[in-house]
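**Q**
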Amino acid sequence: GSKMTRLRYLAFFICLGLVPGFLASCESNDATGPGTGDDPDPFPTGEIIVDHTCCDITAIPEAAIDSAKSKLVIAYGHTSHGSQLVTGMTGLATYLGSLYAFNGDGSGGALELRDSPFSGAYDLGNPDRTAWATATRTYLDAHSEVNVVIWSWCGQVSDATEININTYLSLMSTLEAEYPGVMFVYMTGHLDGSGLTGNLHIRNEQIRAYCRANDKILYDFADIETYDPDDTYFGDRTPNDACDYDTNGDQIRDGNWAIEWQTENPGEWYDCVAAHTQPLNGNLKAYAAWHLWARLAGWPGE
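Each residue of the sequence shown is one higher than the one before, counting from 5 in the working numbering.
#1: Nearest CA to the CA of C247: which residue from A262, N107, W157, L288?
#2: With a threshold of 16 other CB atoms inside 10 Å of the CB of Y126, please say whether the residue is buried or exposed.
#3: Write down every uninterrupted run of the alpha helix (DSSP H) in the region 92-161 whose length is 4 residues or greater and which is fully enclosed by it, in chain order.
#4: T192: buried (16+ other C-beta within 10 angstroms of its C-beta) or exposed?
#5: Alpha carbon to alpha carbon, how far is R241 from G253? Give it in angstroms, no decimals.
#6: Would you mind working out which of T94, A105, H194, S156 sits nearest K73, comparing C-alpha positions?
#7: Less than 6 Å between C-beta atoms, sequence neighbours within five positions excluded: which residues of the same chain meet that for E66?
#8: For G186, which three-state DSSP category applies?
#9: I need the boundaries of the alpha helix (DSSP H) containing N300, first residue and last residue.
#10: Taking only three categories from DSSP, how would you classify A279?
#11: Going by other Cβ atoms of all chains shown within 10 Å of its Cβ, with 16 needed for buried, is G159 buried or exposed?
#12: Please list the segments of the alpha helix (DSSP H) lying wholly inside the region 191-275, counting only runs of 4 or more residues, in order along the chain.
#13: Is it the case that the Cβ atoms of V186 and I78 are separated by a distance below 8 Å?
#14: Please look up how many angstroms separate the CB atoms of H205 and V54, rounded, as I've assumed it's under 8 Å.
#15: Count Cβ pairs between the region 131-149 and the region 171-189 that sit closer than 8 Å; are there 3 or more?
#16: Helix, strand or coil: which one does DSSP assign to A79?
#17: Using the C-alpha atoms, what's the distance from I64 back to G305?
#18: With which residues is I52 paired in a DSSP beta bridge?
#19: Look up C59 in the DSSP assignment and say whether it is helix, strand or coil.
#20: Within the same chain, show all residues whose beta-carbon is closer than 6 Å to that of K220, passing over the 5 residues directly before and after it, in chain order.
#21: Determine the closest residue to W273 out of A293, S102, D232, F238, with distance taken between C-alpha atoms.
#22: Quick one, are the C-beta atoms of A279 and S84 less than 8 Å apart?
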């Protein structure tokens, strides 16, 4: 968990194409969705927003975890920032046991999560802002068993225009129409230290508003990075993806909420090599990911 350890591993998680939020809910607004995790129809309908309120791993019933493992075949495209979900999930399976096991083929009763299986694109912005959609189409046409597609950003929301984000939203909506048997997960871009008035926040709010207005599935990457496990809010303190923040309003990031929480709560977090950030952030990304998987398999949430 040391800085040197993170730097050593960073080479393995180079963010291809890397360029230099806060009102959300873990609830679904859909009253007609599946009532239990054992519903025979694995596809929920209506809005699912997974954010910082969805990071209590103990809130997810074991039956909902098992349901996700039995129903979902996930294809996940990402580069280094997006790898936080996978490295966090890997550490979680060691920390809390085989209930949270996952692998690329679902063997041994694990969750089937195909890590970066796409060809022709690396993330939502590399090699450009549209290649991922073509790569998704190509993959789904050859793998009809896949029923969840999730892509993450690296740094490309930071310099995105409103038109760029509209392109992303339009491509996602088109894929949803073309593959009605697949659940597509939207995502916000990671924090970059530009604060509530910065372009990143504005563009993430654009994504959030669209997902709420159109009953989409959103994994709110940035919102998860904005709160510590005690629900302390850091969004107004110019936080970045490393969990650094301004402690006293002097525009200098001189604190790190994750390291501070880890120090104050020994034994309540697990070590994992989460690219660009602290282990605790990787923990939270994994907890939220399992909340997402359980919801996609029909669990109605808390």
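All C-beta atoms, glycine included, are put in the ideal place defined by N, C-alpha and C.
**A** By the coordinates alone:
#1: Position 243 of the sequence shown, counted from the start, is the residue given in the question as residue 247. C247 has its Cα closest to that of A262, out of A262, N107, W157, L288.
#2: Numbered from its first residue, the sequence shown carries residue 126 at position 122. Y126 is buried by the Cβ-count criterion.
#3: 135-146, all fully within the region 92-161.
#4: Along the sequence shown, one-based indexing puts residue 192 at 188. By the 10 Å Cβ count, T192 comes out buried.
#5: On the sequence shown, position 249 is the one that residue 253 refers to. On the sequence shown, position 237 is the one that residue 241 refers to. Roughly 7 Å separates the two Cα atoms.
#6: Here the question's residue 73 lines up with position 69 in the sequence shown. By alpha-carbon distance to K73, the top candidate from T94, A105, H194, S156 is A105.
#7: If you number the sequence shown from 1, residue 66 lands on position 62. So the list is empty, once near-sequence residues are dropped.
#8: For the purposes of this step, residue 186 is taken as the residue at position 182 of the sequence shown. A small correction: the amino acid at residue 186 is Val; Gly does not occupy that position in the sequence shown. Coil at V186, not helix or strand.
#9: Counting from 1 along the sequence shown, the entry for residue 300 is found at position 296. Note that residue 300 is Leu in the sequence shown, not Asn. Looking at the DSSP string, the run of the alpha helix (DSSP H) that includes L300 is 283-300.
#10: Position 275 of the sequence shown, counted from the first residue, corresponds to residue 279. Coil, per DSSP.
#11: The residue given as residue 159 occupies position 155 in the sequence shown. By the neighbour-count rule (16 or more Cβ atoms within 10 Å), G159 is buried.
#12: Qualifying alpha helix (DSSP H) stretches, in chain order: 203-217, 225-228, 261-268.
#13: Within the sequence shown, the letter at position 182 stands for residue 186. Within the sequence shown, the letter at position 74 stands for residue 78. It is not a contact, given that the beta carbons lie outside the stated cut-off.
#14: As a first step, residue 205 is located in the sequence shown; it is residue number 201 there, counting from the start. As a first step, residue 54 is located in the sequence shown; it is residue number 50 there, counting from the start. With 8 Å as the limit, H205 and V54 do not qualify as a contact, their Cβ atoms being about 19 Å apart.
#15: Segments in contact, yes.
#16: Position 75 of the sequence shown holds residue 79. Residue state, collapsed to three classes: strand.
#17: Within the sequence shown, the letter at position 301 stands for residue 305. Within the sequence shown, the letter at position 60 stands for residue 64. Each residue's Cα considered, the two are about 8 Å apart.
#18: Within the sequence shown, the letter at position 48 stands for residue 52. Secondary-structure assignment with DSSP links I52 through a beta bridge to I221.
#19: Taking the sequence shown and counting its residues from 1, one reaches residue 59 at position 55. Secondary structure at C59: coil, using DSSP grouped into helix, strand and coil.
#20: Reading the sequence shown from its first residue, position 216 is the one you call residue 220. Excluding sequence positions up to five before and after K220, its CB lies within less than 6 Å of the CB of Y190, all in the same chain and listed in chain order.
#21: To locate residue 273, count along the sequence shown from 1; it is residue 269. Ranking the options by Cα distance to W273, first place goes to D232.
#22: As a working note, residue 279 is residue 275 in the sequence shown. As a working note, residue 84 is residue 80 in the sequence shown. In this structure, S84 lies closer than 8 Å to A279 by Cβ.
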